């Protein structure tokens, strides 16, 4: 399916968050994000990508079935910062930060954002730089924890909002922690790749 004419005919145009929210984007399975005022289109996730995101959401739901600690989302738009509306593969917001329901994007940044790298995210230096820049945008916007998951290497990079470099790089023998965002939550990295 073709992109909406407004995007096709004005590729160099910068959009405000309000304009982006008002666009009639197609329900074609693609993910649409606003990054620095530019609309980025990403094709649907593959099998590994979907399984990993689902595993995280299910594990959080099992850990906190009453949702007392917060709520999870998958592939949902968040108004993370001006000009930055992103749809992390998984997002979590602590109970005390939960906004009222909205018809459009969630109007706050998540406390935890998870990005599962697809082969296309890392296949060139330019794509790698773009993926890293997205992580940095999350950090600058104040997302407390970012998990960047690479299925190809079976590694997870853990970032905090106050540090540029990952605070941890975990392999399949290690365990992820929800830290202060999801206190007590742990997830063996190997379960993401089984």
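In my numbering, the protein residues as written are 306 to 499.
The beta carbon of each residue, even a glycine, is placed where N, CA and C say it ideally should be.
Source: prediction; values computed, not measured.
Straight-line spacing of the CA atoms in residue 345 and residue 339 works out to 6 Å.
Between residue 331 and residue 337, the alpha-carbon positions lie close to 9 Å from each other. The beta carbon of residue 413 sits closer than 6 Å to the beta carbons of 404 from its chain, once the five residues preceding and following it are set aside; these are given in chain order.
For residue 462, the uninterrupted beta strand (DSSP E) segment begins and ends at 460–465.
Nearest in C-alpha terms to residue 422, of all of 410, 480 and 439, is 439. In this structure, the straight-line span from the alpha carbon of residue 317 to that of residue 358 is close to 32 Å.
By the C-beta density criterion, residue 428 is exposed, having fewer than 16 other C-beta atoms within 10 angstroms. Bounds of any beta strand (DSSP E) do not take in residue 445; it lies within the alpha helix (DSSP H) bounded by 430–446.
Proximity to residue 386 across 363, 364, 368 and 411 peaks at 411, based on C-alpha coordinates. If you look at residue 325, you'll find it in the alpha helix (DSSP H) that goes 322–327.
One thing to note: residue 472 has its Cβ no nearer than 8 Å to the Cβ of residue 461. In the DSSP assignment, residue 427 falls outside any beta strand (DSSP E) and within the unbroken alpha helix (DSSP H) covering 424–427.
Setting aside the 5 residues that flank it on each side, residue 497 is surrounded in the same chain by 357, 360 and 454, each with a C-beta closer than 7 Å to its C-beta; the list follows chain order. If you draw a straight line from the Cα of residue 370 to the Cα of residue 490, it comes to about 12 Å. Contact annotation: residue 389 and residue 375 have beta-carbon atoms that are not nearer than 8 Å.
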